[in-house]
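Written below as structure tokens is the structure these notes are about.
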Amino acid sequence: MSEYFLLPLASLPFPNIDPVIVQIGPLAVHWYGVGYIVGILFAWWYAKRLVTNARLWPDGALPMKPEDLDDFIVWAAIGVVVGGRAGYVLFYDLARYIAHPLDIVAVWQGGMSFHGGLLGVILAMTLFSFKRGIRTWTLFDVVSAGVPVGLGLVRVANFINSELWGRPTDVPWAVEFPNGGPFSRHPSQLYEALLEGLVLFLVLRFLTHSRLKLKTPRFVGGAFICGYGLSRIFVEFFREPDQQLGYLLGTNWLTMGMILSTPMVLAGIWAMATARPVTQTQLA
């Protein structure tokens, strides 16, 4: 790319971590897959902790049974995988998959979209909540509170895989990725792991346990959506855009991640601004 120049070679060495944790014959366990699995399991475990803590709910009335979340984890996993894959195909590389439709199911080749996965899980939560008679926004609040941990783990896996790296830079913590050309780059995967993972989780933890915002349906979910959107837009300024898309609308800064995240910020602000506390009677 013409706007890039060869940066000074002073950069942090890329850690030589095998993306495959263990391989037995054709079966391989990747850090990326483990990040998804551990993230889903943590969100399930954490949500069960929330729904059994009477202090967090209006008048101490628990909003659902822990067993409901046991059943929902299957719905969530399907929503994440199907939505995440569909989102990547539609938003990021549609031309390729039109030309090679069988590649759509080749998820082991990589290619998942957070925004698509989010839409998949929202659909799963909506259908599941109607089926079980649970308030949809309350289920969204409970699930959202633990999701950042999985987001952080998957971003660390992206770093290990040497993918989704950042733009060229000369900052002292720049990394020269093995497949990132002769450039020192922002480790933007780790920026995302910090903001979308650790920071966002701590913010939501503060809202659920210190501010008791689970008593106000859709506030925690709105904070999650808005917080992720803001984090993603910020990091996109340091992240290399997808090669097949590049920068959009003739700019040298606007990316698909920014476009998809902007409605999230607006929706999250709306959800928090319009959220109102409820009573035990309203939760029933």
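Under UniProt numbering, residue 284 is the last one in the sequence shown; the count climbs by one each step, no gaps.
Note that CB positions come from ideal geometry on N, CA and C, so glycine has one too.
What is the rounded straight-line gap between the Cα of residue 287 and the Cα of Phe183?
Absent from the model: residue 287. The displayed extent of the chain is 1 to 284, so no value can be given.
Going by the DSSP bridge assignment, what does Gly166 pair with across the sheet?
Arg239
Could you give the DSSP three-state label for Ala28: helix, strand or coil?
strand
May I ask you to verify whether the region 53–67 touches the region 13–29, counting CB pairs closer than 8 angstroms and requiring at least 3?
no
The region 74–88 / the region 158–173 touching (three or more Cβ pairs under 8 angstroms):
no
Could you have a look at Pro8 and say whether DSSP puts it in helix, strand or coil?
Bear in mind that the predicted position of Pro8 carries a pLDDT of just 48, short of 50, making it unreliable; the figure below should be weighed with that in mind. In the structure shown, Pro8 sits in coil (DSSP, three-state: anything other than H, G, I, E or B).
Can you list, in chain order, the stretches of the beta strand (DSSP E) that have 3 or more residues and sit fully within the region 179–232?
none
Enumerate in chain order the residues of its own chain whose CB-to-CB distance from Thr274 is below 6 angstroms, with the five nearest sequence positions on each side excluded.
none
Rounded to a whole number of angstroms, what is the C-alpha to C-alpha distance between Tyr36 and Trp75?
14 angstroms
Hey, would you say residue 324 sits closer than 8 angstroms to Thr138, going by beta carbons?
Since the first residue shown for the chain is 1 and the last is 284, residue 324 is missing from the structure and cannot be characterised.
Determine the contact status of Ala145 and Tyr46, defining contact as a CB-CB distance below 8 angstroms.
yes
Considering only C-alpha positions, which residue in the set Val175, Leu230 and Gly180 is nearest to Val199?
Leu230
Hey, Gly222 and Gly150: beta-carbon distance below 8 angstroms or not?
no
Residue-level contact to chain B via CB, Leu118, 8 angstroms cutoff:
Looking for chain B here will not work: only one protein chain is present.
Using a 10 Å radius around the Cβ and a threshold of 16 neighbouring Cβ atoms, would you call Ser210 buried or exposed?
exposed
By a C-beta neighbour count over all protein chains shown, 10 Å radius and 16 as the cutoff for buried, is Trp253 buried or exposed?
exposed
Should Phe159 be listed as close to the ligand FMN, given that the test is whether its C-beta is under 7 angstroms from any heavy atom?
As for the ligand FMN, it is missing from this structure, which has no ligand bound.
Beta carbon of Val154, beta carbon of Tyr228: below 8 angstroms?
no
Cβ separation of Ala43 and Val143, assumed to be a contact under 8 angstroms, to the nearest whole Å:
6 angstroms
Measuring alpha carbon to alpha carbon, tell me which residue in Met272, Gly133, Ser188 and Lys131 is nearest Val235.
Ser188
Let me know if Asp68 comes out buried or exposed under the rule of 16 or more other beta-carbons within 10 Å of its beta-carbon.
buried
Spatially closest choice to Ile122 from Ile134, Arg135 and Phe140, by CA coordinates
Phe140
Expected contact under 8 angstroms - CB spacing of Arg167 and Glu196 to nearest Å:
That belief does not hold up - the Cβ atoms of Arg167 and Glu196 are roughly 18 angstroms apart, past 8 angstroms.
Can you grab the Cα-Cα spacing for the pair Phe201 / Glu240, in whole Å?
25 angstroms
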